[in-house]
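Peer 1: Read left to right, the sequence shown gives residues 1 to 490 (the working numbering). Have a look at the structure that comes next, please.
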Amino acid sequence: MNQRWQARPDKVVLPRTTQEVVETVREAVAAGKRLSVVSGGHCFEDFAYNADIEINIKLSLMNEVRFDTSMNAFAVGGGATLLDVYEALYEGWGVTIPGGICHSVGVGGHITGGGFGNLSRQYGLTVDHLHAVEVVVVDANGTVRSVVAARDSADKALRELFWAHTGGGGGSFGIVTTFWFRTPGATGAPGNLLPKAPSQVYLTLAGWPWEKVTPEGFSRLVTYWGRWLEQNNTAGTTAGSLYSWLLLNHRDSGSIGAVVQLDASLPGAATVLSDFLAGMDRALGLSSAVKRSSGVLDSAYTTTRLLPWLRGTKYIGSISPTQLDPTTRSIHKSSHLRRVTPQRQIDTMYRHLTSTDGPSALTGVVLSASGGRIATVSPTDTAVAQRDAIMKVNFESLWYDARDDAKNIAWVRAAFRDVYADTGGVPVPNDITDGCYVNYPDGDLSDPDHNASGVPWHDLYWKGNYARLQRVKRAWDPRDVFRHRQSIRL
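What follows is the structure, encoded as structure tokens:
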């Protein structure tokens with residue numbers, strides 16, 4: 001999806017079975033060839049596509065979703081997209097996993113990085129419902145085989161391999177050919193083993209024209225949005241299940257906006273939603289009036305709509321023309337915030353978002369709600385360490401022409417550096433910021449020219465979990481066959 005990254009491998013292999021993956025990896029190991037694996041192809045960085053790759057394994061044909069009676073869990077092929085999973089689980093059993101909104105994303109990278117989406121405040125992260133993985137691994141002797149590692153494996157080494165796949169990121173330990181899902185503690189028929197998908201959701205897209213947004217109104221909006229999350233963070237409540245993005249698009253886009261989704265069956269859902277939306281209008285001192293020039297908001301949904309969950313999921317995953325556009329170039333940087341955005345950071349965002357230095361109109365800062373059920377899990381129960389964050393922040397720019405690379409990359413780098421200037425240009429873990437999101441990988445974190453914090457890139461992603469991930473790496477990939485610029489180091 002990011003045309004900045006190109007590869008010219010000797011071979012692209014599309015396996016249909018785990019054994020075919022084993023054979024391809026065996027060939028690469030025997031020949032000493034560098035390999036990479038692609039599930040959906042949405043990686044923001046060059047981890048799967050770069051000049052060093054000689055064999056590329058594309059898992060797209062391994063996309064089956066079924067109920068596996070032998071595991072008493074739902075089996076998902078490593079090449080399935082999120083939409084494959086949503087449709088099969090919902091239409092077959094009325095259940096779902098709390099995955100991401102961009103439904104063309106492949107499960108391979110999404111799940112191994114933790115998995116996060118519109119239902120995560122209600123149901124937790126995707127990996128909170130992961131039961132087992134089948135992984136093609138290479139031992140110290142170069143022997144290639146597949147193993148099944150489960151949450152409850154009798155062998156501790158297998159349990160550790162499973163744990164590493166609950167947020168340790170893709171491309172470090174092996175190739176996952178199958179994921180199995182079952183919520184811990186769930187029993188009974190298949191329809192009881194994963195979260196029930198909402199029958200209907202309230203979906204709102206709201207927007208405000210930049211020409212009417214004052215610095216004070218912008219500050220009040222960002223503060224209100226974050227404060228609301230701080231105050232409505234209890235798992236199991238209606239407010240604690242509400243999901244929202246705040247779309248702080250560059251002024252050249254024409255507007256800023258918000259996307260809000262809430263399970264309509266929850267007690268008082270309509271009131272919770274309307275109160276939340278009214279608070280944003282009050283903060284800005286404006287009434288929401290969406291403009292198409294934002295590039296992400298559709299005037300058909302300027303008011304709250306009640307939609308069947310799957311229809312809403314398909315719609316919200318395609319509201320931006322860039323989400324499914326394979327011709328864009330892009331740069332992304334991320335942070336987790338544990339508290340409302342500090343005033344200096346808000347002011348700095350505003351300054352960059354209103355700059356006149358000509359970045360793409362598809363440039364901005366996206367705030368995504370976190371917390372709720374996510375925060376009920378210990379930072380060490382899975383490899384995802386940032387459990388008490390209330391939001392994720394994504395600095396991004398998307399464009400089409402390679403001649404525009406420099407100015408768009410420079411804008412994102414400068415905005416990110418200046419927002420986190422107090423901590424060396426990156427969001428170091430402290431009482432406000434909490435590092436970066438591994439599924440929004442950022443190669444600059446490894447570069448002291450862009451990370452002057454003294455905190456290494458791996459601690460920004462995994463904090464105290466990194467040493468354990470390294471132990472798993474040494475045990476299961478001692479030859480470092482599966483590697484990229486920010487894979488787990490031996």
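Note that beta-carbon positions come from the ideal geometry of N, C-alpha and C, so glycine has one too.
Would you tell me roughly how many angstroms separate the C-alpha atoms of residue 166 and residue 179, rounded to the nearest one?
Peer 2: 11 Å
Peer 1: Using the three-state DSSP reduction, which class does residue 54 fall into: helix, strand or coil?
Peer 2: Looking at residue 54 - three-state DSSP - the assignment turns out to be coil, as it is neither helix nor strand.
Peer 1: When you compare each of 333, 381 and 340 to residue 364 by their alpha carbons, which one comes out closest?
Peer 2: 333
Peer 1: According to the neighbour-count rule (16 or more other Cβ atoms, all chains shown, within 10 Å of its Cβ), is residue 300 buried or exposed?
Peer 2: Only weak support exists for where residue 300 lies, its pLDDT of 40 falling under 50; the value from the coordinates is given anyway. Exposed, by the Cβ-count rule.
Peer 1: Cα separation between residue 470 and residue 388?
Peer 2: 24 Å
Peer 1: With H, G and I counted as helix, E and B as strand and the rest as coil, what does DSSP make of residue 400?
Peer 2: coil
Peer 1: Give every residue of the same chain whose Cβ lies closer than 6 Å to the Cβ of residue 415, excluding the five residues on either side of it in the sequence, and list them in chain order.
Peer 2: 352 and 395
Peer 1: Of the choices 221, 245 and 254, whose alpha-carbon is the least far from that of residue 282?
Peer 2: 221
Peer 1: Does DSSP classify residue 181 as helix, strand or coil?
Peer 2: strand
Peer 1: Work out the CA separation of residue 208 and residue 291 for me, nearest whole Å.
Peer 2: Bear in mind that the predicted position of residue 291 carries a pLDDT of just 38, short of 50, making it too unreliable to give a figure here.
Peer 1: Need the endpoints of the beta strand (DSSP E) that residue 67 sits in, please.
Peer 2: According to the DSSP assignment, residue 67 belongs to the beta strand (DSSP E) that extends over 65-68.
Peer 1: Do residue 102 and residue 257 come within 8 Å of each other at the CB atom, strictly closer than that value?
Peer 2: no
Peer 1: For residue 33, name the three-state secondary structure that DSSP assigns.
Peer 2: coil
Peer 1: Is it the case that the Cβ atoms of residue 239 and residue 260 are separated by a distance below 8 Å?
Peer 2: no
Peer 1: Could you say if the stretch 82-92 and the stretch 17-36 meet the contact criterion of at least three C-beta pairs nearer than 8 Å?
Peer 2: no
Peer 1: Just checking my contact of residue 129 with residue 194 at CB under 8 Å: how many whole Å lie between their CB atoms?
Peer 2: Sure, about 6 Å apart at Cβ, within 8 Å.
Peer 1: How is residue 134 classed by DSSP in three states: helix, strand or coil?
Peer 2: Of the three classes helix, strand and coil, the one that applies to residue 134 here is strand, per DSSP.
Peer 1: Return the residue from the list 94, 133 and 98 that minimises the CA-CA distance to residue 108.
Peer 2: Among 94, 133 and 98, the Cα nearest to that of residue 108 is on 133.
Peer 1: Taking the beta carbon of residue 296 as the centre, do at least 16 other beta carbons fall within 10 Å, making it buried, or is it exposed?
Peer 2: Note on residue 296: pLDDT 44, under 50, position unreliable in the model; the coordinate value appears next. By the neighbour-count definition (other C-beta atoms within 10 Å, threshold 16), residue 296 is a buried residue.
Peer 1: Span of the alpha helix (DSSP H) holding residue 333?
Peer 2: Here residue 333 belongs to no alpha helix (DSSP H); instead the beta strand (DSSP E) covers 329-337.
Peer 1: Can you find at least 3 beta carbon pairs, one from the stretch 420-440 and one from the stretch 373-391, that sit closer than 8 Å?
Peer 2: yes
Peer 1: Could you name the residues that DSSP lists as bridge partners for residue 364?
Peer 2: 249 and 396, per the DSSP bridge assignment.
Peer 1: Going by Cα to Cα distance, which pick from 315, 422 and 114 is closest to residue 342?
Peer 2: 422
Peer 1: Going by DSSP, what residues sit across from residue 84 in a beta bridge?
Peer 2: Answer by DSSP bridge pairing: none, since residue 84 is not bridged.
Peer 1: Nearest to residue 9 by alpha carbon, out of 100, 440, 52 and 280?
Peer 2: The closest CA to that of residue 9, considering only 100, 440, 52 and 280, is found on 52.
Peer 1: Buried or exposed: where does residue 473 fall if 16 or more other Cβ atoms within 10 Å of its Cβ makes it buried?
Peer 2: buried
Peer 1: DSSP state of residue 263, grouped into three classes?
Peer 2: strand
Peer 1: Here's the rule I'm using: 16 or more other beta-carbon atoms within 10 Å means buried, otherwise exposed. How should residue 401 be labelled?
Peer 2: exposed
Peer 1: Considering only residues of the stretch 419-486, which uninterrupted alpha helix (DSSP H) runs meet the minimum length of 4 residues and lie entirely inside it, listed in chain order?
Peer 2: 457-462 and 466-476
Peer 1: Just tell me which of 163, 445 and 250 has its CA closest to the CA of residue 349.
Peer 2: 250
Peer 1: When you compare only the Cα positions, how much space is there between residue 336 and residue 267?
Peer 2: 29 Å
Peer 1: Are there 16 or more other CB atoms within 10 angstroms of the CB of residue 215, so buried, or fewer, so exposed?
Peer 2: exposed
Peer 1: Would you kindly work out how many angstroms separate the C-alpha atoms of residue 141 and residue 481, rounded to a whole number?
Peer 2: Here the alpha carbons of residue 481 and residue 141 stand approximately 12 Å from one another.
Peer 1: Rounded to a whole number of angstroms, what is the C-alpha to C-alpha distance between residue 475 and residue 489?
Peer 2: 12 Å
Peer 1: Under 8 Å, do residue 277 and residue 223 count as touching if we go by C-beta distance?
Peer 2: no
Peer 1: From residue 379 to residue 445, what distance separates their C-alpha atoms?
Peer 2: Looking at the two C-alpha atoms, the distance is approximately 22 Å.
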